[in-house]
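Just so you know, we're using the numbering used here here: the sequence shown kicks off at 15 and counts up by one. Quick reminder that beta carbons are idealized off the backbone N, C-alpha and C, glycines included.
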Amino acid sequence: MAERVKKHGLVGELSAEFAGTMILILFGCGVVAQVVAGGALTDPPGGLGNHDSISWAWGLGVTLGVYVAARLSGAHINPAVTIALATFRGFPWKKVAPYALAQTAGAFVAALIVRWNYTEALATADPGHTEKTQIVFSTLPANGNTALPVHEWGAFRDQVIGTAILLLLVMALTDMLNTPPGANLAPFVIGLVVVAIGMAWGTNAGYAINPARDFGPRLASFITGYSGAWRDQYGNLYFWVPIAGPVVGALLGGGLYKAFIGRFLPTAEPEPPGRVPAPQD
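Below, the structure written as structure tokens:
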């Protein structure tokens with residue numbers, strides 16, 4: 015198996031990142047489509063889920079996406095994670111751009127599938143394809159709620175904080191010198207981290223915390239009828255916020271882990287040599 019993984023090299027890694035991110039978005043954008051578009055058509059409205067079901071499905075999407083991709087690529091499924099691992103864990107910088115492209119492509123394809131499958135619900139709930147259902151695919155400040163006056167820089171702050179939390183915890187949960195989850199449970203626990211971030215940090219900017227998760231579906235929505243996809247509900251150019259914010263946050267979170275935890279952990283040391291039995295006469 016190890017020889018086969020090595021043989022396929024970067025192609026196999028990129029294939030895994032594409033597939034893992036696709037799984038993430040199929041569950042993530044899929045649940046938002048069900049809650050927002052499908053739920054708008056129930057009587058009474060809102061009969062197909064709520065914020066908590068969205069948080070759980072995104073977290074489970076992360077867990078399942080990581081299980082899909084982990085053996086081949088390490089399952090970053092997030093360009094911000096890839097950049098942080100290159101900065102703090104020795105991941106090759108030459109692979110950062112290819113990984114990010116594969117992740118974005120996986121998110122794009124998954125969003126197209128969600129868009130196709132929910133065509134009728136989206137068209138009925140929001141015939142003009144406005145920001146009302148744009149949030150199925152990409153994030154908006156305050157989730158499009160104009161009653162909460164969060165704009166680009168408030169959302170940027172939120173994305174920095176949310177992604178810093180994510181990376182600090184990802185670093186802790188995958189550090190073999192720390193106490194990582196055993197029995198191959200790290201993907202499950204990382205999924206719970208995303209659930210918790212969604213429940214605690216979802217108000218101001220929809221917790222994208224992943225440039226590929228936002229940009230890929232945003233592009234998919236734009237080419238399928240959402241002409242305002244690049245802007246927020248105020249008409250301001252917004253697409254850059256869930257790209258730049260998570261990158262800054264990932265570097266901050268990785269740096270905090272290294273400063274507060276990583277540098278104090280014991281380093282791996284060679285095992286003492288075993289006793290050589292004395293020859294028998």
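May I ask you to report which of helix, strand or coil DSSP gives residue 85?
DSSP places residue 85 in helix when its eight states are reduced to three.
Pull up the distance between the alpha-carbon of residue 279 and that of residue 144, whole angstroms please.
When rounded, the distance between both Cα atoms is 50 Å.
Does DSSP classify residue 245 as helix, strand or coil?
It is a strand residue.
Between the segment 63-71 and the segment 144-156, are three or more C-beta pairs nearer than 8 Å?
The answer is no - the segment 144-156 does not touch the segment 63-71, with fewer than three Cβ pairs under 8 Å.
On the CB-based measure, 16 or more other CB atoms within 10 Å of its CB, does residue 183 come out buried or exposed?
Buried, because 16 or more other Cβ atoms sit within 10 Å of the Cβ of residue 183.
To the nearest angstrom, how far is the alpha carbon of residue 229 from that of residue 110?
Each residue's alpha carbon lies about 17 Å from the other.
Status (buried if at least 16 other CB within 10 Å, exposed otherwise) for residue 214:
Under this definition residue 214 is an exposed residue.
Report the start-end ranges of each alpha helix (DSSP H) in the segment 102-182 that is 4 residues or longer and not cut off at the edges.
Complete alpha helix (DSSP H) runs here, min 4: 110-131, 133-139, 145-148.
May I have the straight-line CA-CA distance separating residue 126 from residue 36, to the nearest angstrom?
One Cα belongs to residue 126, the other to residue 36, and the distance between them is close to 10 Å.
If you run the structure through DSSP and keep just helix, strand and coil, what is residue 279?
In the structure shown, residue 279 sits in coil (DSSP, three-state: anything other than H, G, I, E or B).
Going by beta carbon distance, what residues of the same chain come within less than 6 Å of residue 140, once the five residues before and after it are set aside?
Excluding residues within five positions, the ones whose Cβ falls inside 6 Å are 146, 147.
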